[in-house]
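Chains as they are written, first to last, in the working numbering: chain F, -4 to 218; chain Y, -4 to 218. Where a beta carbon is used, it is the ideal one built from N, C-alpha and C, also for glycine. Below is one structure; the comments refer to it alone.
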DNA sequence: TTAATACTTCATTCTGAACTTAACTATGAA
DNA sequence: TTCATAGTTAAGTTCAGAATGAAGTATTAA
């Protein structure tokens, strides 16, 4: 028993693996390469670390073409990471990872650079309902009606389309277990909200705060 | 942030330290030598590990004569250990450390070889109230009234007194933050309850179950 | 087919941290 | 005092495991 606790703690303890887990704490799945970049290590090394985490059943891998996406195998993993985070001695850090933190993160947070959490999922639902986007073959697609709608909202669609990255893709929200909007369009929506002061980023956290303006605007546009 | 999570996880991850923490999970304080024996390592080594745990504010040390007693600095440490324990892959183990487990342990458990938890504290309170024991200079003392009372209960006092260990000492209950009865007398009380089938030990856990008989008897003798 | 990308596997190197040996301080007992 | 016990500190050694380099498989694109 205690040896197993030690094994798991050791697994979490490695700097690279801790960073992997911290990254995955936002609930989304990341490919091995993405994790290698964000942890600043080699593909071989990240592969080694990921396989150890999978073997211990902390992560699960999902194969998609030549990519492998990694995410938490279950909620308990996130809980454990948070429980450890609560032990960080620094006073300021402790407040940051307060008991409310997890709820906050789950409620409304930026996943990579797009809006996730309850709000993110609700927005995706609303856009699907308004037929701004439609779900097709495990993917999202923008409708012609949606194009007008987004332009009206103030999004420079041609510019967003010009970006190298994927324009629109669904991203699974871990706590909500439902999809929200990622890709260039997801990022553009987040930017719009930040610039219009609908929401504000909090320091040292992925959680975002919805402002009074935002409350109204979100209600207006997304219901 | 993530580096700090890693540091703490690494701290917990070492086999010796994991065993220390697992031992301390019962809520009582242990001396450095006691921990060295239970973890089967050298005094120098345990000292090194303990100092690391104290420096990280996972443990606190209390000096008492030439002894140093170590215990958790705060509840969060136990929570983190339990959260990690929940990640143990083995199915049987997972059930053992269920969500109810912590409550059970806190409610009624054997601390070393005496009764701790809510019940242990309640018994100590009752004995103080009945003036079977009195609190004197940070210690418990048996009254003459208490001697009769214990003999009537069926405890062989002379035999208990003959043991090498300390006859009666208060032991701080970590979750209840109050004292219960340890020492030879505490052990004798526990033995009596086990033999009389007032309580039963559970497998793989420090928690004990109060039987129907026990419920009645405890009510009768301790209120 | 060829080339490129995504990822893994294996053999090797190397470093950080646990443990050991030894010496030291502090409290208590004879 | 002297001896014993409890514990810490410092220097030296050892080893597990993380990182690297090289080579391999699988998928997609040209």
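According to DSSP, what are the bridge partners of residue 66 of chain F?
For residue 66 of chain F, which the question treats as bridged, DSSP gives the partners F:55.
Let me check one thing: in DSSP terms, what residues is residue 135 of chain F bridge-paired to?
DSSP output for residue 135 of chain F lists F:130 as bridge partner(s).
Just verifying my parser: in three-state terms, what is the DSSP assignment at residue 150 of chain Y?
Three-state result, residue 150 of chain Y: coil.
Have a look at residue 129 of chain F and residue 214 of chain F and give me their C-alpha separation to the nearest angstrom.
Distance between the alpha carbons of residue 129 of chain F and residue 214 of chain F: 21 Å.
Starting from residue 12 of chain F, trace the alpha helix (DSSP H) both ways and give me its first and last residue.
Note, residue 12 of chain F: alpha helix (DSSP H), 10 to 19.
Within the same chain, show all residues whose beta-carbon is closer than 6 Å to that of residue 36 of chain Y, passing over the 5 residues directly before and after it, in chain order.
If we look at residue 36 of chain Y and ignore the five residues flanking it on each side, its Cβ neighbours are 11.
What are the residues in the stretch 21 to 35 of chain F lying within 8 Å of chain Y by C-beta distance?
Listed in sequence order: no entries.
Establish whether the CB of residue 78 of chain Y and some CB of chain F are separated by less than 9 Å.
Taking Cβ atoms only, chain F reaches closer than 9 Å to residue 78 of chain Y, which makes this a yes.
Residue -3 of chain F and residue 78 of chain Y: beta carbons closer than 9 Å?
Not closer than 9 Å, so no.
In the DSSP assignment, find the unbroken alpha helix (DSSP H) run with residue 40 of chain F in it and report its ends.
Unbroken alpha helix (DSSP H) run through residue 40 of chain F: 38 to 50.
Whose C-alpha, out of F:47, F:69, F:34, F:30, is nearest the C-alpha of residue 62 of chain F?
Comparing Cα-Cα distances from residue 62 of chain F to each of F:47, F:69, F:34, F:30, the minimum goes to F:30.
State the DSSP-derived secondary structure class of residue 194 of chain Y, mapped to helix, strand or coil.
It is a strand residue.
Does the distance from the CB of residue 152 of chain Y to the CB of residue 136 of chain Y come in under 9 Å?
No, the Cβ-Cβ distance between residue 152 of chain Y and residue 136 of chain Y is not below 9 Å.
Do you know offhand how far residue 8 of chain F's Cα is from residue 208 of chain Y's?
Straight-line Cα distance between these residues: approximately 47 Å.
From residue 3 of chain F to residue 16 of chain Y, what does the alpha carbon distance come to, in whole angstroms?
Computed Cα separation, rounded: 14 Å.
Starting from residue 32 of chain F, trace the alpha helix (DSSP H) both ways and give me its first and last residue.
Note, residue 32 of chain F: alpha helix (DSSP H), 27 to 34.
Does the distance between the C-beta of residue 77 of chain F and the nearest non-hydrogen atom of the ligand SAH fall short of 8 Å?
Absence of the ligand SAH is noted for the structure shown, with no ligands found whatsoever.
Let me make sure I understand the geometry here. Which of F:47, F:14, F:66 has the alpha-carbon closest to that of residue 32 of chain F?
The candidate whose alpha carbon is nearest that of residue 32 of chain F is F:14.
According to DSSP, is residue 82 of chain Y helix, strand or coil?
DSSP places residue 82 of chain Y in coil when its eight states are reduced to three.
Does the separation of the CB atoms of residue 187 of chain F and residue 218 of chain F fall below 9 Å?
Taking 9 Å as the Cβ cut-off, residue 187 of chain F and residue 218 of chain F do not qualify as a contacting pair.
With a Cβ-Cβ cutoff of 9 Å, do residue 175 of chain F and residue 116 of chain F count as a contact?
Contact flag set, yes.
Run down chain F in chain order and give the residues with a C-beta less than 8 Å from the C-beta of residue 228 of chain Y.
Here chain Y has residues from -4 to 218 only, and residue 228 of chain Y is not among them.
Using a Cβ cut-off of 7 Å, pull out every chain F residue sitting near residue 14 of chain Y, in sequence order please.
Ordered by position in chain F, the residues that pass the 7 Å Cβ test against residue 14 of chain Y are -3.
So is residue 52 of chain Y in contact with chain F if we call contact Cβ pairs under 9 Å?
So yes, residue 52 of chain Y belongs to the interface.
Would you say residue 181 of chain Y lies against chain F (beta-carbon separation less than 9 Å)?
Residue 181 of chain Y does not count as touching chain F.
Looking at chain Y, is there any beta carbon in it that lies within less than 9 Å of the beta carbon of residue 41 of chain F?
Answer no: the Cβ-Cβ gap between residue 41 of chain F and chain Y never drops below 9 Å.
Check whether the Cβ of residue 4 of chain Y lies closer than 9 Å to any Cβ atom in chain F.
Output row for residue 4 of chain Y: interface = yes.
Taking Cβ positions only, does residue 1 of chain Y come closer than 9 Å to chain F?
For residue 1 of chain Y, the answer is yes, since a Cβ of chain F falls inside 9 Å of its Cβ.
Taking only the alpha-carbon atoms, compute the straight-line gap between residue 191 of chain Y and residue 212 of chain Y and give it to the nearest angstrom.
Cα to Cα, the separation comes out at about 10 Å.
Hey, residue 57 of chain F and residue 27 of chain F are a contact pair by Cβ (cut 8 Å); roughly how many whole angstroms apart?
Residue 57 of chain F to residue 27 of chain F, Cβ: 11 Å. No contact.
What in chain Y is Cβ-close to residue 115 of chain F, meaning under 9 Å?
Here the premise fails: no neighbours, minimum Cβ distance about 22 Å.
Helix, strand or coil: which one does DSSP assign to residue 158 of chain Y?
Reduced to three states, the DSSP call for residue 158 of chain Y is coil.
Tell me whether residue 73 of chain F sits in a helix, a strand or coil according to DSSP, three-state version.
It is helical.
So residue 19 of chain Y and residue 69 of chain Y are supposed to be a Cβ contact under 8 Å. How far apart are they, rounded?
That belief does not hold up - the Cβ atoms of residue 19 of chain Y and residue 69 of chain Y are roughly 12 Å apart, past 8 Å.
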